[in-house]
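Structure record follows, encoded as structure tokens.
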Amino acid sequence: DGGITQSPKYLFRKEGQNVTLSCEQNLNHDAMYWYRQDPGQGLRLIYYSQIVNDFQKGDIAEGYSVSREKKESFPLTVTSAQKNPTAFYLCASSTNVGGAEAFFGQGTRLTVV
Amino acid sequence: AQSVAQPEDQVNVAEGNPLTVKCTYSVSGNPYLFWYVQYPNRGLQFLLKYITGDNLVKGSYGFEAEFNKSQTSFHLKKPSALVSDSALYFCAVRAGGGADGLTFGKGTHLIIQP
Numbered sequence: 001d002g003g004i005t006q007s008p009k010y011l012f013r014k015e016g017q018n019v020t021l022s023c024e025q026n027l028n029h030d031a032m033y034w035y036r037q038d039p040g041q042g043l044r045l046i047y048y049s050q051i052v053n054d055f056q057k058g059d060i061a062e063g064y065s066v067s068r069e070k071k072e073s074f075p076l077t078v079t080s081a082q083k084n085p086t087a088f089y090l091c092a093s094s095t096n097v098g099g100a101e102a103f104f105g106q107g108t109r110l111t112v113v
Numbered sequence: 114a115q116s117v118a119q120p121e122d123q124v125n126v127a128e129g130n131p132l133t134v135k136c137t138y139s140v141s142g143n144p145y146l147f148w149y150v151q152y153p154n155r156g157l158q159f160l161l162k163y164i165t166g167d168n169l170v171k172g173s174y175g176f177e178a179e180f181n182k183s184q185t186s187f188h189l190k191k192p193s194a195l196v197s198d199s200a201l202y203f204c205a206v207r208a209g210g211g212a213d214g215l216t217f218g219k220g221t222h223l224i225i226q227p
């Protein structure tokens, strides 16, 4: 069953801790993306990667880090430097064509306790 | 910089009536435009897109959208609303070229009343 998988669905973190969100896809897509969703603000781009071993900052990259060691995987680390990490995080993938639609995972809800 | 505006936070429509969810955009060059739908605590599902060609685009679940270059708009429409259409709808834009990230609007809550 092809698709994009995010885990875990819910994540709780203590202040000052780093946490890593998993995103895996078996769609053979070159491009992968991380978005953050907050109520009333839509989706904002954190990082994206168009090819293995390369990635670009999005609009709100501060306090986040990523890696792209494999085509199928694009993990996101929320570091202690992120001031307000509580949010819904969405991973997506697409082919490397401008008109291609992105496919989204089911999201990870991160709560800082 | 590119941007998307969805001027209505919420749209209320009676079941069976036509619905419209508005979207305007700003981008340099030719735009790629997308509509997505989100149900509570879920990811986004792709509905339709405009790349080039016919200004009226048809998509999933009976939805369609009309690209209007002069008004820089891409409004989502459906001739007859269903209660199950109630959800959060996002319009998104990408400038023509590579697969950079999409720029999303803030979303519009569509509520279909029985």
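Residue numbers (the working numbering), protein chains in the order written: chain A, 1 to 113; chain B, 114 to 227. The C-beta atom is built at its ideal place from N, Cα and C for all residues, glycine as well.
(1) Mapping the DSSP letters down to three states, classify residue 196 of chain B as helix, strand or coil.
(2) Quick check on the burial criterion: 16 or more other C-beta atoms within 10 angstroms. Buried or exposed for residue 108 of chain A?
(3) At least one CB of chain A closer than 9 Å to the CB of residue 167 of chain B: is that the case?
(4) Residues of chain B with CB under 7 Å from residue 117 of chain A, in chain order?
(5) In this structure, does DSSP put residue 173 of chain B in helix, strand or coil?
(6) In the DSSP assignment, find the unbroken beta strand (DSSP E) run with residue 6 of chain A in it and report its ends.
(7) Give the interface partners of residue 178 of chain B over in chain A, defined as CB-CB distance under 8 Å, in chain order.
(8) Could you tell me whether the Cβ of residue 67 of chain A comes closer than 9 Å to any Cβ of chain B?
(9) Residue range of the beta strand (DSSP E) that residue 42 of chain A falls in?
(10) Which first and last residues belong to the beta strand (DSSP E) in which residue 127 of chain B is found?
(11) Apart from the five residues on each side of it in sequence, which residues of its chain come closer than 7 Å, Cβ to Cβ, to residue 16 of chain A?
(12) Taking the alpha carbon of residue 55 of chain A as the reference point, which residue from A:31, A:37, A:40 has its own alpha carbon closest?
(13) What does the alpha-carbon distance come out to for the pair residue 199 of chain B and residue 182 of chain B?
(14) Distance check for residue 222 of chain B and residue 123 of chain B, CA to CA, integer angstroms please.
Let's see:
(1) What you label residue 196 of chain B is simply residue 83 of the second sequence in a count that begins at 1. DSSP places residue 196 of chain B in helix when its eight states are reduced to three.
(2) Along the first sequence, one-based indexing puts residue 108 of chain A at 108. Per the 10 Å Cβ criterion, buried.
(3) Counting from 1 along the second sequence, the entry for residue 167 of chain B is found at position 54. For residue 167 of chain B, the answer is no, since every Cβ of chain A falls outside 9 Å of its Cβ.
(4) No answer is possible for residue 117 of chain A: the residues shown for chain A start at 1 and end at 113.
(5) The residue labelled residue 173 of chain B in the question sits at position 60 within the second sequence. In the structure shown, residue 173 of chain B sits in a helix (DSSP, three-state: H, G or I).
(6) Counting from 1 along the first sequence, the entry for residue 6 of chain A is found at position 6. Segment 4 to 7, the beta strand (DSSP E) holding residue 6 of chain A.
(7) Translated into positions along the second sequence, residue 178 of chain B becomes position 65. Near residue 178 of chain B there are no residues of chain A at all, since even the closest Cβ is about 13 Å away, more than 8 Å.
(8) As a working note, residue 67 of chain A is residue 67 in the first sequence. Taking CB atoms only, residue 67 of chain A has no neighbour in chain B less than 9 Å away.
(9) Locating residue 42 of chain A in the first sequence gives position 42, counting from the first residue. Per DSSP, residue 42 of chain A belongs to the beta strand (DSSP E) from 42 to 51.
(10) Taking the second sequence and counting its residues from 1, one reaches residue 127 of chain B at position 14. Looking at the DSSP string, the run of the beta strand (DSSP E) that includes residue 127 of chain B is 123 to 127.
(11) Reading the first sequence from its first residue, position 16 is the one you call residue 16 of chain A. If we look at residue 16 of chain A and ignore the five residues flanking it on each side, its Cβ neighbours are 80.
(12) On the first sequence, position 55 is the one that residue 55 of chain A refers to. The option with the nearest alpha carbon to residue 55 of chain A is A:31.
(13) Position 86 of the second sequence, counted from the first residue, corresponds to residue 199 of chain B. Position 69 of the second sequence, counted from the first residue, corresponds to residue 182 of chain B. Note on geometry: alpha-carbon atoms of residue 199 of chain B and residue 182 of chain B lie some 28 Å from one another.
(14) In the second sequence, the residue the question calls residue 123 of chain B occupies position 10. In the second sequence, the residue the question calls residue 222 of chain B occupies position 109. Each residue's alpha carbon lies about 4 Å from the other.
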